[in-house]
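J.: Submitted below is the structure of interest, expressed as C-alpha coordinates.
Residue numbers (my numbering): 6 to 428.
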(Lines of atoms letter the chains of each structure in order from A; the text may use other names.)
(Lines give C-alpha, C1' and ligand atoms only; values in the text may rest on other atoms or scores of the structure.)
Protein backbone atom coordinates (compact mmCIF):
# COMPACT_ATOMS: atom_id res chain seq x y z
CA UNK A 6 0.00 0.00 0.00
CA UNK A 7 2.63 2.55 1.07
CA UNK A 8 4.84 1.46 -1.84
CA UNK A 9 2.22 2.60 -4.36
CA UNK A 10 1.43 5.78 -2.45
CA UNK A 11 5.06 6.89 -2.47
CA UNK A 12 5.49 5.83 -6.09
CA UNK A 13 2.65 8.27 -6.84
CA UNK A 14 4.15 11.02 -4.69
CA UNK A 15 7.54 10.60 -6.36
CA UNK A 16 6.29 12.29 -9.52
CA UNK A 17 5.75 15.45 -7.46
CA UNK A 18 9.38 15.38 -6.28
CA UNK A 19 8.42 14.69 -2.67
CA UNK A 20 11.72 14.36 -0.72
CA UNK A 21 12.47 10.80 0.33
CA UNK A 22 9.78 9.19 -1.84
CA UNK A 23 12.42 7.47 -3.99
CA UNK A 24 13.71 5.30 -1.12
CA UNK A 25 10.67 3.04 -1.51
CA UNK A 26 12.34 1.64 -4.63
CA UNK A 27 15.06 0.08 -2.49
CA UNK A 28 14.48 -3.48 -1.36
CA UNK A 29 16.88 -2.97 1.58
CA UNK A 30 14.74 -0.12 2.95
CA UNK A 31 11.42 -1.91 2.58
CA UNK A 32 12.79 -5.19 3.95
CA UNK A 33 14.30 -3.58 7.06
CA UNK A 34 11.16 -1.48 7.59
CA UNK A 35 9.08 -4.68 7.42
CA UNK A 36 11.37 -6.39 9.94
CA UNK A 37 11.16 -3.48 12.41
CA UNK A 38 7.40 -3.17 12.09
CA UNK A 39 6.85 -6.91 12.50
CA UNK A 40 8.94 -6.83 15.70
CA UNK A 41 6.90 -3.91 17.05
CA UNK A 42 3.57 -5.53 16.15
CA UNK A 43 4.50 -8.89 17.67
CA UNK A 44 5.63 -7.21 20.90
CA UNK A 45 2.57 -4.95 21.22
CA UNK A 46 -0.12 -7.28 19.88
CA UNK A 47 1.43 -10.29 21.62
CA UNK A 48 0.91 -8.76 25.05
CA UNK A 49 -2.70 -7.83 24.24
CA UNK A 50 -3.36 -11.31 22.85
CA UNK A 51 -1.97 -13.08 25.94
CA UNK A 52 -4.04 -10.92 28.30
CA UNK A 53 -7.19 -11.56 26.25
CA UNK A 54 -6.66 -15.34 26.09
CA UNK A 55 -6.04 -15.54 29.83
CA UNK A 56 -9.10 -13.45 30.59
CA UNK A 57 -11.22 -15.81 28.47
CA UNK A 58 -9.42 -18.81 30.01
CA UNK A 59 -8.44 -20.17 26.58
CA UNK A 60 -5.30 -21.77 27.94
CA UNK A 61 -3.27 -24.96 27.80
CA UNK A 62 -4.34 -27.72 30.14
CA UNK A 63 -1.62 -29.67 31.98
CA UNK A 64 0.45 -31.72 29.56
CA UNK A 65 1.12 -35.44 29.76
CA UNK A 66 4.13 -35.76 32.06
CA UNK A 67 5.12 -39.01 30.34
CA UNK A 68 5.92 -36.85 27.30
CA UNK A 69 6.84 -33.50 28.83
CA UNK A 70 8.47 -33.63 32.29
CA UNK A 71 8.07 -29.86 32.54
CA UNK A 72 4.41 -29.97 31.57
CA UNK A 73 3.09 -28.92 34.96
CA UNK A 74 4.83 -25.57 34.52
CA UNK A 75 2.90 -24.98 31.29
CA UNK A 76 -0.58 -25.27 32.67
CA UNK A 77 -2.54 -22.08 32.10
CA UNK A 78 -0.38 -20.83 29.22
CA UNK A 79 -2.46 -19.51 26.27
CA UNK A 80 -2.19 -21.32 22.95
CA UNK A 81 -3.06 -20.24 19.37
CA UNK A 82 -0.18 -17.75 19.45
CA UNK A 83 0.25 -18.33 15.73
CA UNK A 84 -2.31 -15.54 15.35
CA UNK A 85 0.37 -13.14 16.64
CA UNK A 86 2.77 -14.39 13.97
CA UNK A 87 0.19 -14.09 11.17
CA UNK A 88 -0.70 -10.50 12.08
CA UNK A 89 2.98 -9.59 12.49
CA UNK A 90 3.75 -10.89 8.99
CA UNK A 91 0.75 -9.73 6.99
CA UNK A 92 0.45 -6.13 8.21
CA UNK A 93 4.04 -5.14 7.26
CA UNK A 94 3.67 -6.96 3.93
CA UNK A 95 0.44 -5.12 3.12
CA UNK A 96 2.19 -1.84 3.89
CA UNK A 97 5.63 -2.38 2.32
CA UNK A 98 5.13 -5.04 -0.34
CA UNK A 99 4.30 -4.75 -4.04
CA UNK A 100 0.95 -6.46 -4.01
CA UNK A 101 0.89 -7.11 -7.76
CA UNK A 102 3.82 -9.48 -7.43
CA UNK A 103 2.73 -13.09 -8.06
CA UNK A 104 5.30 -14.49 -5.65
CA UNK A 105 4.18 -12.23 -2.82
CA UNK A 106 0.55 -13.16 -3.48
CA UNK A 107 1.43 -16.85 -3.19
CA UNK A 108 3.21 -16.26 0.13
CA UNK A 109 0.21 -14.35 1.50
CA UNK A 110 -2.15 -17.14 0.38
CA UNK A 111 0.14 -19.71 2.03
CA UNK A 112 0.18 -17.76 5.30
CA UNK A 113 -3.59 -17.30 5.37
CA UNK A 114 -4.53 -20.83 4.19
CA UNK A 115 -2.33 -22.90 6.49
CA UNK A 116 -2.93 -20.42 9.30
CA UNK A 117 -6.66 -21.07 8.89
CA UNK A 118 -6.21 -24.86 8.93
CA UNK A 119 -4.05 -24.61 12.05
CA UNK A 120 -6.57 -22.25 13.66
CA UNK A 121 -9.39 -24.74 13.11
CA UNK A 122 -7.25 -27.45 14.72
CA UNK A 123 -6.44 -25.24 17.72
CA UNK A 124 -10.05 -24.10 17.99
CA UNK A 125 -11.24 -27.69 18.32
CA UNK A 126 -8.55 -28.40 20.92
CA UNK A 127 -9.04 -25.28 23.03
CA UNK A 128 -12.68 -24.36 22.60
CA UNK A 129 -14.26 -27.76 22.02
CA UNK A 130 -11.87 -29.38 24.54
CA UNK A 131 -11.08 -32.18 22.09
CA UNK A 132 -7.33 -32.75 22.40
CA UNK A 133 -7.25 -34.74 19.16
CA UNK A 134 -8.09 -31.59 17.22
CA UNK A 135 -8.69 -31.60 13.49
CA UNK A 136 -8.40 -35.06 11.94
CA UNK A 137 -4.99 -35.58 10.30
CA UNK A 138 -6.52 -36.38 6.91
CA UNK A 139 -8.13 -32.94 6.75
CA UNK A 140 -4.79 -31.28 7.51
CA UNK A 141 -3.19 -33.37 4.79
CA UNK A 142 -5.90 -32.44 2.30
CA UNK A 143 -5.35 -28.76 3.09
CA UNK A 144 -1.60 -29.08 2.55
CA UNK A 145 -2.07 -30.96 -0.72
CA UNK A 146 -4.53 -28.35 -1.99
CA UNK A 147 -2.07 -25.57 -1.21
CA UNK A 148 0.79 -27.41 -2.93
CA UNK A 149 -1.43 -27.99 -5.97
CA UNK A 150 -2.45 -24.33 -6.15
CA UNK A 151 1.14 -23.11 -5.80
CA UNK A 152 2.49 -25.57 -8.38
CA UNK A 153 -0.23 -24.85 -10.94
CA UNK A 154 0.09 -21.08 -10.43
CA UNK A 155 3.85 -21.16 -11.05
CA UNK A 156 3.16 -23.29 -14.12
CA UNK A 157 0.43 -21.05 -15.57
CA UNK A 158 1.43 -17.53 -14.51
CA UNK A 159 3.28 -15.52 -17.19
CA UNK A 160 5.03 -13.60 -14.39
CA UNK A 161 6.70 -16.70 -12.90
CA UNK A 162 9.80 -16.79 -15.09
CA UNK A 163 13.57 -17.10 -14.82
CA UNK A 164 16.61 -16.04 -16.82
CA UNK A 165 18.97 -18.97 -17.20
CA UNK A 166 22.70 -18.54 -16.96
CA UNK A 167 24.93 -18.94 -19.99
CA UNK A 168 28.72 -19.03 -20.14
CA UNK A 169 30.45 -16.85 -22.75
CA UNK A 170 34.02 -17.76 -23.67
CA UNK A 171 36.26 -14.68 -23.92
CA UNK A 172 39.19 -14.23 -26.32
CA UNK A 173 41.71 -14.26 -23.45
CA UNK A 174 40.69 -17.80 -22.55
CA UNK A 175 38.58 -16.82 -19.54
CA UNK A 176 34.83 -17.24 -19.35
CA UNK A 177 32.05 -14.87 -18.37
CA UNK A 178 28.79 -15.92 -16.74
CA UNK A 179 25.82 -13.96 -18.01
CA UNK A 180 22.06 -14.47 -18.30
CA UNK A 181 19.86 -14.96 -21.30
CA UNK A 182 18.16 -11.71 -22.21
CA UNK A 183 14.67 -13.17 -22.43
CA UNK A 184 12.92 -14.57 -19.34
CA UNK A 185 11.31 -17.96 -19.83
CA UNK A 186 9.15 -20.54 -18.13
CA UNK A 187 11.38 -23.28 -16.80
CA UNK A 188 11.29 -26.47 -14.75
CA UNK A 189 14.94 -26.04 -13.74
CA UNK A 190 15.83 -26.14 -10.04
CA UNK A 191 19.06 -25.81 -8.07
CA UNK A 192 20.86 -28.86 -6.71
CA UNK A 193 23.89 -28.76 -4.41
CA UNK A 194 27.44 -30.01 -4.92
CA UNK A 195 27.36 -30.44 -8.73
CA UNK A 196 29.18 -28.48 -11.40
CA UNK A 197 26.27 -27.25 -13.50
CA UNK A 198 24.20 -26.71 -10.34
CA UNK A 199 20.85 -27.26 -12.09
CA UNK A 200 18.37 -30.07 -12.56
CA UNK A 201 15.61 -29.94 -15.16
CA UNK A 202 12.46 -31.82 -14.15
CA UNK A 203 11.66 -32.40 -17.84
CA UNK A 204 14.98 -34.19 -18.47
CA UNK A 205 13.72 -37.70 -17.54
CA UNK A 206 10.93 -37.31 -20.10
CA UNK A 207 13.04 -36.84 -23.22
CA UNK A 208 11.36 -39.91 -24.71
CA UNK A 209 8.05 -38.00 -24.80
CA UNK A 210 9.35 -35.59 -27.45
CA UNK A 211 7.21 -32.45 -27.63
CA UNK A 212 5.36 -33.44 -24.46
CA UNK A 213 8.44 -33.57 -22.25
CA UNK A 214 7.99 -30.01 -20.94
CA UNK A 215 4.38 -30.68 -19.95
CA UNK A 216 5.49 -33.86 -18.18
CA UNK A 217 8.24 -31.86 -16.44
CA UNK A 218 5.69 -29.40 -15.12
CA UNK A 219 3.49 -32.23 -13.88
CA UNK A 220 6.49 -33.58 -11.97
CA UNK A 221 7.19 -30.07 -10.67
CA UNK A 222 3.63 -29.79 -9.31
CA UNK A 223 3.96 -33.19 -7.61
CA UNK A 224 7.29 -32.16 -6.06
CA UNK A 225 5.67 -28.92 -4.87
CA UNK A 226 2.90 -30.84 -3.12
CA UNK A 227 5.42 -33.17 -1.46
CA UNK A 228 7.65 -30.29 -0.32
CA UNK A 229 4.80 -28.23 1.14
CA UNK A 230 3.37 -31.25 2.97
CA UNK A 231 6.71 -32.53 4.27
CA UNK A 232 8.08 -29.19 5.49
CA UNK A 233 4.77 -28.16 7.06
CA UNK A 234 4.52 -31.43 8.99
CA UNK A 235 8.21 -31.29 9.91
CA UNK A 236 7.78 -27.83 11.39
CA UNK A 237 4.71 -29.04 13.25
CA UNK A 238 6.72 -31.87 14.83
CA UNK A 239 9.54 -29.48 15.77
CA UNK A 240 7.13 -27.34 17.79
CA UNK A 241 7.49 -29.11 21.13
CA UNK A 242 9.68 -26.93 23.34
CA UNK A 243 9.61 -23.28 24.33
CA UNK A 244 11.20 -21.21 21.58
CA UNK A 245 12.34 -24.23 19.56
CA UNK A 246 10.45 -23.73 16.29
CA UNK A 247 10.48 -19.92 16.37
CA UNK A 248 14.27 -19.83 16.70
CA UNK A 249 14.91 -22.50 14.06
CA UNK A 250 12.50 -20.82 11.66
CA UNK A 251 14.11 -17.40 12.05
CA UNK A 252 17.46 -18.95 11.07
CA UNK A 253 15.96 -20.78 8.09
CA UNK A 254 14.09 -17.64 7.04
CA UNK A 255 17.36 -15.69 7.08
CA UNK A 256 18.99 -18.18 4.70
CA UNK A 257 15.98 -18.10 2.36
CA UNK A 258 16.07 -14.30 2.44
CA UNK A 259 19.70 -14.42 1.31
CA UNK A 260 18.82 -16.82 -1.51
CA UNK A 261 15.90 -14.61 -2.59
CA UNK A 262 18.12 -11.52 -2.64
CA UNK A 263 20.95 -12.99 -4.72
CA UNK A 264 18.42 -14.61 -7.08
CA UNK A 265 16.71 -11.26 -7.65
CA UNK A 266 19.96 -9.32 -8.23
CA UNK A 267 21.30 -9.99 -11.73
CA UNK A 268 24.91 -9.14 -10.85
CA UNK A 269 25.00 -11.39 -7.78
CA UNK A 270 23.22 -14.13 -9.73
CA UNK A 271 25.86 -13.87 -12.48
CA UNK A 272 28.72 -13.93 -9.98
CA UNK A 273 27.32 -17.04 -8.27
CA UNK A 274 26.31 -18.64 -11.58
CA UNK A 275 22.71 -19.15 -10.50
CA UNK A 276 19.45 -18.44 -12.27
CA UNK A 277 18.10 -14.88 -12.16
CA UNK A 278 14.47 -14.75 -10.99
CA UNK A 279 12.79 -11.40 -11.82
CA UNK A 280 10.35 -10.31 -9.13
CA UNK A 281 11.75 -12.51 -6.38
CA UNK A 282 13.04 -9.42 -4.55
CA UNK A 283 9.60 -9.13 -2.95
CA UNK A 284 10.35 -12.38 -1.14
CA UNK A 285 13.17 -10.53 0.63
CA UNK A 286 10.59 -8.15 2.09
CA UNK A 287 8.39 -11.08 3.06
CA UNK A 288 11.15 -13.09 4.72
CA UNK A 289 12.36 -10.07 6.67
CA UNK A 290 8.83 -9.64 8.01
CA UNK A 291 8.83 -13.38 8.75
CA UNK A 292 12.16 -13.13 10.63
CA UNK A 293 10.89 -10.16 12.63
CA UNK A 294 7.71 -12.04 13.53
CA UNK A 295 9.69 -15.08 14.69
CA UNK A 296 12.08 -13.04 16.83
CA UNK A 297 9.22 -10.96 18.22
CA UNK A 298 7.30 -14.10 19.09
CA UNK A 299 10.34 -15.38 20.97
CA UNK A 300 9.89 -12.42 23.32
CA UNK A 301 6.94 -14.30 24.80
CA UNK A 302 7.65 -17.87 23.66
CA UNK A 303 11.17 -18.30 25.08
CA UNK A 304 11.42 -20.37 28.26
CA UNK A 305 9.29 -20.16 30.31
CA UNK A 306 6.75 -19.59 27.56
CA UNK A 307 3.94 -17.09 28.08
CA UNK A 308 2.19 -18.28 24.91
CA UNK A 309 2.33 -21.28 22.57
CA UNK A 310 1.99 -20.89 18.81
CA UNK A 311 -0.10 -24.04 18.34
CA UNK A 312 -0.83 -25.50 14.92
CA UNK A 313 -1.98 -22.04 13.85
CA UNK A 314 1.69 -21.11 13.77
CA UNK A 315 3.59 -24.34 13.14
CA UNK A 316 1.70 -25.53 10.04
CA UNK A 317 1.88 -22.04 8.55
CA UNK A 318 5.62 -21.65 9.25
CA UNK A 319 6.46 -24.90 7.49
CA UNK A 320 4.29 -23.93 4.53
CA UNK A 321 5.99 -20.53 4.22
CA UNK A 322 9.43 -22.13 4.20
CA UNK A 323 8.44 -24.79 1.66
CA UNK A 324 6.64 -22.43 -0.75
CA UNK A 325 9.39 -19.81 -0.47
CA UNK A 326 12.05 -22.37 -1.38
CA UNK A 327 10.01 -23.61 -4.36
CA UNK A 328 9.51 -20.09 -5.74
CA UNK A 329 13.26 -19.39 -5.77
CA UNK A 330 13.98 -22.89 -7.15
CA UNK A 331 15.90 -24.02 -4.06
CA UNK A 332 13.57 -26.81 -2.86
CA UNK A 333 16.25 -29.50 -3.24
CA UNK A 334 18.38 -27.65 -0.68
CA UNK A 335 15.70 -28.06 2.00
CA UNK A 336 16.95 -31.43 3.31
CA UNK A 337 20.10 -29.56 4.36
CA UNK A 338 18.58 -26.22 5.35
CA UNK A 339 15.65 -27.84 7.19
CA UNK A 340 17.76 -30.72 8.48
CA UNK A 341 16.23 -30.33 11.93
CA UNK A 342 12.71 -30.77 10.51
CA UNK A 343 13.89 -33.72 8.43
CA UNK A 344 15.42 -35.54 11.42
CA UNK A 345 12.34 -34.83 13.57
CA UNK A 346 10.06 -36.37 10.92
CA UNK A 347 12.42 -39.29 10.30
CA UNK A 348 12.62 -40.11 14.01
CA UNK A 349 8.81 -40.31 14.24
CA UNK A 350 8.57 -42.53 11.16
CA UNK A 351 11.31 -44.83 12.46
CA UNK A 352 9.83 -45.02 15.95
CA UNK A 353 6.28 -45.76 14.84
CA UNK A 354 7.23 -48.05 11.97
CA UNK A 355 9.60 -50.22 14.00
CA UNK A 356 7.22 -50.42 16.96
CA UNK A 357 4.37 -51.62 14.72
CA UNK A 358 6.66 -54.11 13.00
CA UNK A 359 7.83 -55.65 16.27
CA UNK A 360 4.34 -55.58 17.76
CA UNK A 361 3.22 -58.01 15.05
CA UNK A 362 5.86 -60.37 16.42
CA UNK A 363 4.52 -59.99 19.95
CA UNK A 364 7.30 -57.66 21.14
CA UNK A 365 7.25 -54.09 22.40
CA UNK A 366 10.43 -52.55 21.02
CA UNK A 367 11.17 -48.89 20.41
CA UNK A 368 14.28 -47.35 18.86
CA UNK A 369 14.38 -44.04 20.80
CA UNK A 370 13.38 -43.17 24.32
CA UNK A 371 10.83 -40.83 22.74
CA UNK A 372 10.01 -39.24 19.37
CA UNK A 373 10.18 -36.62 17.86
CA UNK A 374 13.90 -36.68 18.51
CA UNK A 375 13.95 -33.57 20.73
CA UNK A 376 11.82 -35.44 23.27
CA UNK A 377 14.45 -38.19 23.36
CA UNK A 378 16.86 -35.83 25.09
CA UNK A 379 14.54 -34.83 27.93
CA UNK A 380 12.62 -38.00 28.75
CA UNK A 381 13.55 -39.28 32.19
CA UNK A 382 14.31 -42.93 33.02
CA UNK A 383 11.36 -42.98 35.40
CA UNK A 384 9.03 -42.12 32.49
CA UNK A 385 10.01 -45.05 30.27
CA UNK A 386 7.61 -47.93 29.68
CA UNK A 387 8.83 -50.82 31.82
CA UNK A 388 7.19 -53.30 29.44
CA UNK A 389 9.09 -52.03 26.40
CA UNK A 390 12.66 -52.51 25.21
CA UNK A 391 14.53 -49.42 23.96
CA UNK A 392 17.35 -49.97 21.47
CA UNK A 393 18.90 -46.58 22.30
CA UNK A 394 17.89 -46.57 25.95
CA UNK A 395 21.29 -45.21 27.08
CA UNK A 396 21.41 -42.39 24.50
CA UNK A 397 21.80 -39.79 25.77
CA UNK A 398 23.46 -40.91 29.00
CA UNK A 399 21.75 -38.14 30.90
CA UNK A 400 18.72 -35.98 30.26
CA UNK A 401 18.84 -32.25 29.54
CA UNK A 402 16.61 -29.33 30.37
CA UNK A 403 14.61 -28.13 27.40
CA UNK A 404 16.39 -24.75 27.28
CA UNK A 405 19.71 -26.48 26.59
CA UNK A 406 18.11 -28.73 23.98
CA UNK A 407 16.49 -25.73 22.29
CA UNK A 408 19.69 -23.68 22.10
CA UNK A 409 21.65 -26.65 20.75
CA UNK A 410 19.04 -27.17 18.06
CA UNK A 411 19.36 -23.47 17.18
CA UNK A 412 23.12 -23.86 16.87
CA UNK A 413 22.63 -26.88 14.62
CA UNK A 414 20.24 -24.86 12.45
CA UNK A 415 22.83 -22.08 12.11
CA UNK A 416 25.44 -24.61 10.95
CA UNK A 417 23.00 -26.16 8.45
CA UNK A 418 22.01 -22.72 7.13
CA UNK A 419 25.68 -21.81 6.63
CA UNK A 420 26.33 -25.10 4.81
CA UNK A 421 23.31 -24.48 2.58
CA UNK A 422 24.55 -21.02 1.59
CA UNK A 423 28.05 -22.37 0.99
CA UNK A 424 26.66 -24.86 -1.53
CA UNK A 425 26.32 -21.95 -3.96
CA UNK A 426 30.10 -21.99 -4.29
CA UNK A 427 30.91 -25.67 -3.66
CA UNK A 428 30.35 -27.57 -6.89
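Each residue gets a CB set at the ideal place from its N, CA and C atoms; glycine is no exception.
Taking the straight line between their C-alpha atoms, what separation do you get for residue 91 and residue 37?
T.: As a working mapping, residue 91 is identified with position 86 in the chain shown. As a working mapping, residue 37 is identified with position 32 in the chain shown. About 13 Å.
J.: Report the residue from 257, 14, 190 whose alpha carbon sits nearest the alpha carbon of residue 421.
T.: As a first step, residue 421 is located in the chain shown; it is residue number 416 there, counting from the start. Minimum Cα distance to residue 421 is reached at 257.
J.: Closest to residue 428 by C-alpha separation, out of 191, 394, 133, 239, would be which residue?
T.: Taking the first residue of the chain shown as 1, we reach residue 428 at position 423. Residue 191 is the option with its Cα nearest to residue 428.
J.: When you compare each of 24, 129, 31, 100 to residue 60 by their alpha carbons, which one comes out closest?
T.: Position 55 of the chain shown, counting from 1, holds the residue named residue 60. When only C-alpha atoms are compared, the closest one is 129.
J.: Taking the straight line between their C-alpha atoms, what separation do you get for residue 236 and residue 204?
T.: Position 231 of the chain shown holds residue 236. Position 199 of the chain shown holds residue 204. Taking the straight line joining both Cα atoms gives about 31 Å.
J.: Checking 9 Å against the spacing of the C-beta atoms, do residue 43 and residue 298 come in under that value?
T.: If you number the chain shown from 1, residue 43 lands on position 38. If you number the chain shown from 1, residue 298 lands on position 293. In contact: residue 43 and residue 298 (Cβ atoms closer than 9 Å).
J.: Taking the C-alpha atoms as reference points, what is the distance between residue 94 and residue 140?
T.: What you label residue 94 is simply residue 89 of the chain shown in a count that begins at 1. What you label residue 140 is simply residue 135 of the chain shown in a count that begins at 1. The straight-line gap from Cα to Cα measures roughly 26 Å.
J.: Within its chain, find whatever has a CB closer than 8 Å to the CB of residue 359; leave out the 5 residues flanking it on each side and keep chain order.
T.: In the chain shown, counting from the first residue as 1, residue 359 sits at position 354. Counting only Cβ-Cβ distances below 8 Å, and skipping sequence neighbours, we find 365, 366.
J.: DSSP three-state call for residue 381: helix, strand or coil?
T.: Within the chain shown, numbered from 1, the residue matching residue 381 stands at position 376. The answer is coil: DSSP assigns residue 381 none of H, G, I, E or B.
J.: Within the same chain, show all residues whose beta-carbon is closer than 7 Å to that of residue 15, passing over the 5 residues directly before and after it, in chain order.
T.: One-based indexing of the chain shown puts residue 15 at position 10. Answer for residue 15: 22, 23, listed in chain order.
J.: If I measure Cβ to Cβ from residue 425 and keep anything under 6 Å in the same chain, skipping five residues before and after, which residues do I get?
T.: Position 420 of the chain shown, counting from 1, holds the residue named residue 425. Only 273 meet the Cβ criterion.
J.: Please determine, among 248, 53, 214, the residue with the shortest C-alpha to C-alpha distance to residue 407.
T.: If you number the chain shown from 1, residue 407 lands on position 402. Residue 407 has its Cα closest to that of 248, out of 248, 53, 214.
J.: Which class does residue 402 belong to by DSSP, given the choice of helix, strand or coil?
T.: For the purposes of this step, residue 402 is identified with residue 397 of the chain shown, where counting begins at 1. Residue 402 falls in the coil class under three-state DSSP.
J.: Measure from the alpha carbon of residue 184 to the alpha carbon of each residue in 197, 160, 200, 198, then state which is nearest.
T.: Here residue 184 refers to the residue found at position 179 when the chain shown is read from its first residue. Cα-wise, what sits closest to residue 184 is 160.
J.: Consult DSSP for residue 390 and reduce its assignment to one of helix, strand or coil.
T.: Indexing the chain shown from 1 puts residue 390 at position 385. Residue 390 falls in the strand class under three-state DSSP.
J.: How big is the Cα-Cα spacing for residue 3 and residue 419?
T.: Shown here, the chain extends from 6 to 428; a query on residue 3 therefore has no answer.
J.: Within the same chain, show all residues whose beta-carbon is closer than 6 Å to that of residue 163, passing over the 5 residues directly before and after it, in chain order.
T.: To locate residue 163, count along the chain shown from 1; it is residue 158. 187, 276, 278.
J.: What did DSSP end up calling residue 188 once you bin it into helix, strand or coil?
T.: The residue you call residue 188 lines up with position 183 of the chain shown. Residue 188 falls in the coil class under three-state DSSP.
J.: Please say whether residue 319 and residue 234 have beta carbons closer to each other than 9 Å?
T.: Sequence index remark: in the chain shown, residue 234 carries index 229 (1-based). Sequence index remark: in the chain shown, residue 319 carries index 314 (1-based). Contact: yes.
J.: Determine the direct distance from the alpha carbon of residue 26 to that of residue 304, and round the result to whole angstroms.
T.: As a position in the chain shown, residue 304 is number 299, starting the count at 1. As a position in the chain shown, residue 26 is number 21, starting the count at 1. Roughly 40 Å separates the two Cα atoms.
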